[in-house]
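Position 83 of the sequence shown, counted from 1, bears residue number 83 in full-length UniProt numbering, the numbering being contiguous throughout. Glycine residues also receive a C-beta, built at the ideal position from the N, C-alpha and C atoms. These numbers were taken from a predicted model, which means no experiment stands behind them.
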Amino acid sequence: MLDRASVIDQNFLIALKTAKFPSKLSNIPASASQLSPQEFVQLFESQLISRHLDLRARILKDQGIGFYTIGSSGHEGNAVLGKVFRHNDMAFLHYRSGALMAERSRKVPNIDPIQDQILSLVAAKDDPISQGRHKVFGSAKLFVPPQTSTIASHLPKAMGAAWSLGRAYRTGFDASVPGDGVILCNFGDASFNHATSQSAFNAAQYLAYKGEPLPLVYICEDNGIGISVSTPDNWIENNVKNRESIEYIQCNGLHLPDAYMAAQEAEEIARYEKRPVFLHMKTVRLMGHAGNDTESMYHTVEHIEATEAQDPLLHSARLCIEAGYLSTDDILTMYEDTRKKVEKAAEQAIKLPKLSSAEEVCASVAPERPAKEKPALPTISKRHELFDIGRQFKFLDKPRSMAQLINYALTDLMEQYSNIIMFGEDVGKKGGVYSVSTNLQKRFSENRVFDTMLDETSILGNAIGASHLGYLPIPEIQFLAYTHNAVDQIRGEASTLSFFSNNQFTNPMVIRIAGLAYQKGFGGHFHNDNSIAFLREIPGVILACPSNGQDAAKMLREAVRLADEQKRVVIFLEPIALYHAKDLHEAGDNGWLGVYPEPNEVVNFGEPALYPSEAKKPSKTLIISYGNGHYLSQQAQKILKDKYKTAVDVMDIRWLAPLNHRAIADVAKNYQNILVVDECRKTGSLSEELITGLVEHTDKIPNIKRITGHDTFIPIGTSWEFVLPGKDDIVKAVRELI
């Protein structure tokens with residue numbers, strides 16, 4: 001009972017030899033598809049390839065030399081998607097897409113789907129997509145970015161790619177896929193219920209309702225169950241068929257002609273009418289969820305056997321025989337020949353080397369790419385023209401706030417990089433909640449600066465999809481805490497793509513996030529959030545945090561370079577409380593304003609800044625901080641000098657992930673005392689890694705102390721002062737330290 005794979009394998013052979021096929025599901029003959037006999041047989045062969053890969057995966061797992069058994073058995077009808085859609089219609093696929101990939105591989109020379117998937121199953125270093133890091137369906141040649149074990153997280157970026165493709169078609173942008181292309185994305189019925197799915201469907205409907213072109217086909221491969229949890233009968237159909245602005249098409253994935261014609265209809269609507277389609281394909285699931293899933297624990301033997309009797313390969317075999325395309329002996333020969341091909345590929349693959357060191361595993365997280373020439377800086381006349389929209393050109397040499405200098409930097413960058421698009425909640429006409437994007441839409445049009453729905457998942461999905469097509473997105477997340485709602489789009493999608501594709505696919509972008517605390521009397525913890533640990537721990541993601549306007553402008557330029565040249569995901573964390581700060585030490589001193597740096601000035605990635613004391617004697621004490629903490633540390637620096645005659649130097653680390661431990665330690669080694677000022681929560685704060693880095697990278701460990709925020713959320717009113725470091729706390733801590 002436990003080895004259902006062998007039962008299914010033998011049942012197929014017995015049914016063929018005895019001509020005992022399941023009853024017809026449709027009277028539509030193979031010829032109705034208008035496929036040639038050869039094409040129909042090729043579809044069937046793709047189904048057989050997928051099946052034998054599933055069977056071999058379980059054998060390899062039992063032998064301890066294979067590492068993945070979530071298969072496509074029961075879903076082999078998706079081969080029609082590989083046939084109907086072009087190879088350069090970008091496809092975001094789930095883990096039951098074996099037949100689809102086998103059929104799609106026919107469209108490009110020198111791709112062997114058997115070899116590629118076997119290499120992936122045994123985690124071979126020669127695996128052409130992930131180099132053995134994961135068993136994924138993916139191919140740069142076939143325009144299939146790899147997905148891991150996705151539970152709907154790939155749907156928002158499929159929507160974003162389709163939206164970007166429609167925008168490119170409308171505006172003439174030279175996208176990395178053809179302008180008449182289609183984006184397709186498949187998933188299971190259990191994934192349909194995930195909040196991320198609903199976000200993606202809603203966004204697709206919203207954009208289509210607005211009349212925006214959206215050449216998108218969502219394919220729900222409905223096998224009626226998610227691991228052990230059944231989907232209610234007709235749940236998907238009744239939920240979707242009457243939705244506004246999205247075309248619903250249903251087909252039986254066990255019956256190739258029906259599935260093929262439905263896929264054709266979906267493709268025509270998406271490609272030529274540029275409307276989103278929901279293709280509902282009924283399937284079955286064979287062999288349980290995966291190799292370690294004992295289906296008899298939650299299904300009766302009768303239920304399992306009834307499902308196996310609906311094997312799509314048996315339906316396809318009957319269709320081929322009835323049409324006269326193949327005889328029983330032809331099918332038996334094809335079935336066993338396919339088995340031998342898969343077995344031979346496995347025998348060769350298990351002998352191949354695997355990743356053998358931490359360095360090899362990590363090599364694709366954030367590889368160093370060759371430098372490339374930046375686009376030309378905007379001319380003086382063009383800058384004059386742009387900045388005069390908003391009457392700002394005359395202020396470029398005047399001290400301005402951080403918010404204004406970020407605005408100026410975005411203006412120059414959008415002129416320099418024609419593929420930059422900027423979007424988010426309220427960034428367009430309103431100019432952002434804090435006026436950072438004021439006049440950008442007027443300067444660059446709604447095609448490049450525009451508002452989105454209030455849905456962070458869709459915003460980041462848009463960004464990922466857009467970057468796949470050659471845009472350089474700068475999405476804005478309105479408040480730091482809102483990122484928690486959608487962090488998997490960064491952690492599970494954007495950041496993993498380079499790793500699982502061996503750097504063949506990337507998601508370059510700069511995500512602007514307004515955040516951190518110290519907004520006096522405003523917002524509570526959602527608008528005054530000081531939690532950044534969830535961003536710092538994501539491999540390959542860069543986290544930048546300027547504390548003043550001049551650094552913000554120069555770091556933003558470097559962030560765009562890192563995204564454009566190095567294909568990195570960069571999070572640009574902007575301290576809300578410092579957006580419009582003017583004074584440093586006393587009212588009217590304008591000590592926190594800055595003159596806009598020349599367009600060629602940058603802060604290099606990882607480079608900290610040192611602010612020496614103005615005291616006469618050299619300092620033996622260093623304060624290390626960032627963001628609001630750096631602002632407060634400079635205030636404390638002056639108090640210590642003026643009131644206590646104590647010289648203290650201050651470092652702004654600026655780049656929070658990955659930390660440049662060597663550069664920080666090279667400065668810190670010159671001091672006897674170090675105070676780390678971290679405005680975020682004590683547990684999981686940046687201070688923990690900073691201090692660890694100092695211990696690991698300095699020969700003689702200095703006296704070290706830290707002050708941090710408390711492990712709490714930020715309250716409204718004035719009581720926030722009790723849980724965040726202040727300048728007086730810094731002064732007190734330095735005096736205690738020395």
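*Under 8 Å by Cβ, that's how I've got Leu724 and Tyr518 pegged, so tell me the actual separation to the nearest angstrom.*
Leu724 to Tyr518, Cβ: 6 Å. Contact.
*Pairing CB atoms from the region 206-221 with CB atoms from the region 461-472, are three or more of them under 8 Å?*
no
_In whole angstroms, give me the CA-to-CA distance for Met1 and Ser73._
Here the model assigns Met1 a pLDDT of 48, short of 50, so the residue's position is not dependable, and the following value carries that caveat. Looking at the two C-alpha atoms, the distance is approximately 17 Å.
*Span of the alpha helix (DSSP H) holding Met101?*
It spans 98-104 - the alpha helix (DSSP H) in which Met101 sits, taken as one unbroken run.
*For Leu573, which residues of its own chain have a beta-carbon under 6 Å away from its beta-carbon, when the five flanking residues on both sides are left out?*
Once the five neighbours on either side are set aside, the close Cβ partners of Leu573 are Ile513, Gly515, Cys545.
*Are there 16 or more other CB atoms within 10 angstroms of the CB of Tyr95, so buried, or fewer, so exposed?*
buried
_Supposed close pair Pro367, Asn193 - CB separation, criterion 8 Å_ = Between Asn193 and Pro367 the Cβ distance is about 37 Å, and since that is not below 8 Å, they are no contact.
*Counting Cβ pairs, one atom from each stretch, are 3 or more of them under 8 Å apart for the region 389-397 and the region 417-426?*
no
*asked:* If I measure Cβ to Cβ from Gly627 and keep anything under 7 Å in the same chain, skipping five residues before and after, which residues do I get?
replied: Taken in chain order, the residues that qualify are Leu516, Cys545, Ser547, Pro575, Glu679.
*With C-beta atoms as the reference, is Ala5 less than 9 Å away from Met287?*
Cβ distance < 9 Å, so Ala5 and Met287 count as in contact.
*Identify the residues that DSSP records as bridge partners of Trp655: which are they?*
Ala544
_Straight-line Cα distance separating Val569 from Val365_ = 11 Å
_If you reduce the DSSP assignment to three classes, tell me which class His710 lands in._
coil
*Measure the alpha-carbon distance for Ile653 versus Glu688 and round it to whole angstroms.*
14 Å
_Separation of Gly138 from Asp329, as counted between CA atoms_ = 34 Å
*Which residue or residues does DSSP assign as beta-bridge partners of Leu593?*
Paired residue(s): none; Leu593 is not in a bridge.
*the region 308-318 / the region 243-255 touching (three or more Cβ pairs under 8 Å)*: yes
*Taking Ser176 as the reference, give the member of Val144, Gly540, Ala290 with the closest Cα.*
Val144
*C-beta atoms of Asn462 and Pro156 nearer than 9 Å*: yes
_Complete alpha helix (DSSP H) runs within the region 343-375 (minimum length 4 residues, chain order)_ = 358-362
*Helix, strand or coil: how does DSSP classify Asn419 here?*
coil
_Along the chain, where does the alpha helix (DSSP H) containing Met159 start, and where does it finish?_
155-171
*Nearest to residue 811 by alpha carbon, out of Ala317, Tyr482, Thr438?*
Nothing can be reported for residue 811, as the shown portion of the chain is limited to 1 through 738.
*Hey, Leu53 and Gly98 are a contact pair by Cβ (cut 8 Å); roughly how many whole angstroms apart?*
6 Å
*Report the residue ranges of all beta strand (DSSP E) runs contained in full by the region 647-705; include only those spanning at least 3 residues, in chain order.*
648-652, 655-657, 673-681
_Residue(s) in a DSSP beta bridge with Glu221_ = Looking at the DSSP assignment, Glu221 forms a beta bridge with Gly188, Met281.
_Straight-line Cα distance separating Asn528 from Pro715_ = 8 Å
_Could you tell me the alpha carbon to alpha carbon distance between Ile380 and Glu598, rounded to whole angstroms?_
Taking the straight line from one Cα to the other gives about 11 Å.
_With a threshold of 8 Å, are at least 3 pairs of Cβ atoms found where one atom belongs to the region 601-616 and the other to the region 643-653?_
yes
*Under 7 Å Cβ to Cβ from Glu456, same chain only, skipping five residues before and after it: list those, please.*
Ile477, Tyr482, Thr483, Asn485, Ala486
*Go ahead and pull the three-state DSSP assignment for Thr621.*
Three-state result, Thr621: strand.
*Quick one: grab the DSSP three-state call for Ser139.*
When DSSP states are grouped into helix, strand and coil, Ser139 belongs to the strand group.
*asked:* The beta strand (DSSP E) that contains Arg512, what's its start and end?
replied: 509-515
*Return the bridge partner residues of Asp451 from the DSSP annotation.*
Gly424
*Classify Ile183 as helix, strand or coil using the three-state DSSP reduction.*
Three-state DSSP puts Ile183 in a strand.
*In whole angstroms, what is the alpha-carbon distance linking Ile639 and Phe534?*
34 Å
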